[in-house]
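Undergrad: Residues 274 to 438 in this note's numbering are what the sequence shown lists, from first letter to last.
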Amino acid sequence: MSEAKDGELTALQAALAAEHAAVYGYGVVGGRIDEGRRTEARTAYDAHRARRDTLVRELRDAGAQPVAAAAGYALPFAVPDSAAAVRLAVELEERVAGVYSDLVRAAQGKRRASAVAALRESAVRAVRWRGGSVAFPGLAERSGAKASAGAPAESTASASAAPTG
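Printed below as a string of structure tokens:
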């Protein structure tokens with residue numbers, strides 16, 4: 274297998290891992306979010322499930338074994354209330370956008386176009402949750418502030434949640 278193809282499959286696996294974590298994270302968000310934003314959380318949850326399922330199919334079609342979801346994920350901070358749930362939703366979307374920016378860089382053709390669409394969707398959801406935008410969606414978590422947390426870029430595949438088991 275070529276180096277480019279290996280890189281693309283690695284980026285696809287990272288995107289799948291991020292989607293697994295986002296689905297888990299939105300389960301937490303949905304349990305804590307105020308009623309007024311519950312539909313928004315459910316829509317995001319459904320979008321991440323759909324992306325996850327698409328990535329599983331793409332990886333299988335490419336002859337790869339899709340990375341499995343962890344039984345649980347460690348959240349980046351406690352989520353005791355709706356305000357924290359909103360912060361978690363922003364974090365999830367920013368991390369997923371970062372992983373899709375890696376896939377955009379690694380992919381070609383239709384897969385790249387799909388990754389661009391996923392990056393755009395995550396960036397838009399992050400703006401809706403946050404109430405403001407960032408200059409370069411998908412690259413914010415690579416900045417000095419986020420990187421100083423000690424996590425290498427590859428860890429963004431966890432979409433801010435590390436497997437617990």
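Just so it is clear, CB atoms sit at the ideal spot from N, CA and C, and this is done for glycine as well.
May I ask which residues mark the beginning and end of the alpha helix (DSSP H) holding residue 340?
TA: Where residue 340 is concerned, there is no enclosing alpha helix (DSSP H), given that its DSSP letter is neither H nor E.
Undergrad: Helix, strand or coil: which one does DSSP assign to residue 380?
TA: Residue state, collapsed to three classes: coil.
Undergrad: Distance check for residue 398 and residue 317, CA to CA, integer angstroms please.
TA: Approximately 8 Å between the Cα atoms of the pair.
Undergrad: Just verifying my parser: in three-state terms, what is the DSSP assignment at residue 351?
TA: Note: residue 351 maps to coil in three-state DSSP.
Undergrad: How far does the alpha helix (DSSP H) with residue 292 in it reach, from first residue to last?
TA: Unbroken alpha helix (DSSP H) run through residue 292: 276-305.
Undergrad: Whole angstroms is fine: what's the gap from residue 378's alpha carbon to residue 395's?
TA: Approximately 17 Å between the Cα atoms of the pair.
Undergrad: What number of angstroms, rounded off, separates the C-alpha of residue 418 from the C-alpha of residue 287?
TA: Its pLDDT being 40, under 50, residue 418 is placed unreliably in this model, and the value from its coordinates should be taken loosely. Roughly 22 Å separates the two Cα atoms.
Undergrad: Can you confirm whether the segment 363-373 touches the segment 274-294 when touching is taken to mean that 3 or more C-beta pairs between the two stretches lie within less than 8 Å?
TA: With the cut-off at 8 Å, the segment 274-294 and the segment 363-373 touch.
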